[in-house]
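Right, one structure below, let's go through it.
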Amino acid sequence: MSTKDKIIVALDVESCDKALTLVESLEGHANFFKIGLGLIGKGGLELAYEIKKRGFNVFLDLKLLDISNTIKNAVSGLCEANFDFLTVQGDPQVIKAAVEGRGQTDTKILAVTFLTSLNREDLDQNLIKPGEIQTLASSRAEKAILAGADGVIASSKELPMIRANPLCMTKIIVTPGIRPTNSAINDQKRVATPSEALKMGASYLVIGRPICQANDPLAAYKKIKKEILDT
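All letters in the sequence shown, in the order written, are residues 3 to 233 by the working numbering.
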């Protein structure tokens, strides 16, 4: 897998026009893009179809959560476009429904463990049982894989423990909260540099604002790529 295949550029911008401009500015370098809920209400789903039609890989990050029948029907419709990755919440019943809805398409179902914007204090407020986040995330990842997920979304802090689990050793782990050296962490609480995350076992890195908000996104992308290659 080449370096560019490991970097998923999160299209964290205000409009689909800006997102498409960003995709075009990175063409020939980046080939994997993430569209999340921030753009869905602004035409993001149509944008995802367009980007996929142009031959790019698309990660549709919707973090779906609902009753099983609704999840199955929603995923069935979304997977008609053969998006590469689709996220659902890591509840086993949600994952099972998503896998059923995916059918014979190639879309990979990825389960969210815990958002990288959360820490233990946040989990306490959300009434999540006591324990270290790393331990809870590893347990959640294991349950997700047992339910049929192709992989999980997990921060760099949980990577070593998840990778040590025999059920997760060969599964996809997509890691958000990636901040190149000397970058601002913004609202993230569990972060790592690109090279750190890859060394700990990440399959793919989600990088948004350090690229999208740069004065020169292509230069920023190339700098991150070089940082990875130099380590």
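Backbone N, C-alpha and C fix where the C-beta goes; we use that ideal spot for every residue, glycine too.
- DSSP places Ala12 in no alpha helix (DSSP H) but in the uninterrupted beta strand (DSSP E) bounded by 9 to 12.
- Taking C-beta atoms as the reference points, Pro212 and Ala222 count as a pair closer than 8 Å.
- In its chain, beyond the 5 residues on either side, Leu24, Ser27, Leu28, Ile213 have a beta carbon closer than 7 Å to the beta carbon of Pro219.
- Contact between Leu49 and Ile37 is confirmed by a C-beta separation of about 6 Å, below the 8 Å threshold.
- Excluding sequence positions up to five before and after Arg122, its CB lies within less than 7 Å of the CB of Ile135, all in the same chain and listed in chain order.
- Around the CB of Arg142, 16 or more other CB atoms lie within 10 Å, so the residue is classed as buried.
- In this structure, Ser140 sits away from Ala194, with a CB-CB distance that is not shorter than 8 Å.
- Cβ neighbours of Ala156 within its own chain (closer than 7 Å, five residues either side excluded): Thr115, Ala139, Ala143, Ile164, Ile175, Thr177.
- Counted as a single uninterrupted DSSP element, the beta strand (DSSP E) harbouring Asp63 occupies residues 59 to 66.
- Residue state for Ala151 is assigned as coil, using DSSP reduced to three classes.
- Checking the DSSP bridge columns, you'll see Gln91 partnered with Val114.
- Taking 8 Å as the upper bound for CB-CB distance, Leu62 and Phe85 are in contact here, some 5 Å apart.
- For Lys225, the enclosing alpha helix (DSSP H) has its first and last residue at 219 to 231.
- Leu112 is a Cβ neighbour of Asp152, given a cutoff of 8 Å.
- Distance between Lys44 and Cys18, taken at the CA atoms: about 7 Å.
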